[in-house]
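Down below is the structure, laid out as structure tokens.
Here you go:
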């Protein structure tokens, strides 16, 4: 990602030559990611889960709401492959809706947390000195507070109950600090590079240097941190829902399904295990994808772990 140019060369600085064929850095990263088997398998599984969550409701008969036609407490089989609840929900319909809402929260948190954390950390790292010290103390405050307690407390005070976007905003409010610290560390090592000095000499403003030069060169750690933030958001949302502070009925999430069925794990396992397995599967696939992205963006780390 570096913009440093090798002296005396006329070829594209972002290109590498492998086997006599010149490839751009993006092609090299893509090639390394495609070779990462766990990440590729995880990507396929995650895409299947996304299709299940967002396309499944259009193809399946029942939604996540109560219907008089649905018999209560029916085990899996026949018309209801994952069974029904005591109130008269189809568990498969609930699972689709729950996965959809959980993924919405996770993706929104990842985008908001990454944008805010990247800009905050890059600004602190670029300016340094007192500005850096002051901004990092703010980060420290957000990192030392008990995250789940603060998120649950704020969610509990939302009037009319929490919807998926309210949950996402509340979690994002406390999830950007980790990314800010990562980006600040990368920017501290980049701000003395020649391309930054050249941009300053050309009269570029600090904002332009941060957005146009520093953040693109910190893209690797930012992308990896963003994928890990997805898994963090999923687990936080599940924890909030388990404590009854998350998405409120009649809407549903995977965490809420687990919380509602926690007393039925041994008597009616079809209510407890499907959302639990799906939640673990989403977190595992995202972690493997993040691992693959990290190896693709910085292959030296992959070699070091072997």
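In this note's numbering, the protein residues as written are 947 to 1252. C-beta atoms are modelled at their ideal positions from N, C-alpha and C, and glycine is treated no differently.
Using 8 Å as the threshold, is the C-beta distance between residue i and residue j below it?
{"i": "residue 1059", "j": "residue 1175", "result": "yes"}
{"i": "residue 1068", "j": "residue 1077", "result": "no"}
{"i": "residue 1220", "j": "residue 1001", "result": "no"}
{"i": "residue 975", "j": "residue 1243", "result": "yes"}
{"i": "residue 1194", "j": "residue 1110", "result": "no"}
{"i": "residue 1079", "j": "residue 1124", "result": "no"}
{"i": "residue 1054", "j": "residue 1112", "result": "no"}
{"i": "residue 1135", "j": "residue 1178", "result": "no"}
{"i": "residue 1216", "j": "residue 1092", "result": "no"}
{"i": "residue 1192", "j": "residue 1183", "result": "yes"}
{"i": "residue 1130", "j": "residue 1160", "result": "no"}
{"i": "residue 1164", "j": "residue 1063", "result": "no"}
{"i": "residue 1090", "j": "residue 1116", "result": "no"}
Note the first and the last residue of the continuous alpha helix (DSSP H) segment covering residue i.
{"i": "residue 1127", "result": "1123-1136"}
{"i": "residue 1048", "result": "1037-1073"}
{"i": "residue 971", "result": "971-981"}
{"i": "residue 1216", "result": "1215-1243"}
{"i": "residue 1012", "result": "Segment: none, residue 1012 is in no alpha helix (DSSP H) and carries neither H nor E."}
{"i": "residue 1002", "result": "1002-1005"}
{"i": "residue 1115", "result": "1110-1119"}
{"i": "residue 1211", "result": "That residue, residue 1211, is in no alpha helix (DSSP H); it is neither H nor E in DSSP."}
{"i": "residue 1150", "result": "No alpha helix (DSSP H) contains residue 1150, which DSSP labels as neither H nor E."}
Can you round the beta-carbon distance between residue i and residue j to whole angstroms, since I take them to be within the 8 Å contact cut?
{"i": "residue 979", "j": "residue 1236", "result": "Residue 979 to residue 1236, Cβ: 11 Å. No contact."}
{"i": "residue 1167", "j": "residue 1133", "result": "In fact, because the Cβ distance is near 10 Å, the residues do not count as touching under 8 Å."}
{"i": "residue 1052", "j": "residue 1169", "result": "Not a contact, Cβ separation roughly 15 Å."}
{"i": "residue 999", "j": "residue 1038", "result": "That belief does not hold up - the Cβ atoms of residue 999 and residue 1038 are roughly 12 Å apart, past 8 Å."}
{"i": "residue 1232", "j": "residue 992", "result": "7 Å"}
{"i": "residue 1033", "j": "residue 1018", "result": "7 Å"}
{"i": "residue 995", "j": "residue 1227", "result": "7 Å"}
{"i": "residue 1234", "j": "residue 1003", "result": "In fact, because the Cβ distance is near 27 Å, the residues do not count as touching under 8 Å."}
{"i": "residue 1185", "j": "residue 1204", "result": "Their Cβ separation, rounded to whole angstroms, is 10 Å, which puts residue 1185 and residue 1204 out of contact at 8 Å."}
Could you tell me whether the segment 1039-1058 touches the segment 1001-1021, using the rule of 3 or more Cβ pairs below 8 Å? Three or more pairs of CB atoms, one per stretch, sit closer than 8 Å, so the segment 1039-1058 contacts the segment 1001-1021.
Can you confirm whether the segment 1133-1143 touches the segment 1211-1219 when touching is taken to mean that 3 or more C-beta pairs between the two stretches lie within less than 8 Å? no
In chain order, which continuous runs of the beta strand (DSSP E) of length 3 or greater are located wholly inside the segment 1153-1209? Counting only runs of 3 or more, we get nothing.
Touching by the beta-carbon criterion (3+ pairs, under 8 Å), the segment 1153-1163 and the segment 1013-1026: no
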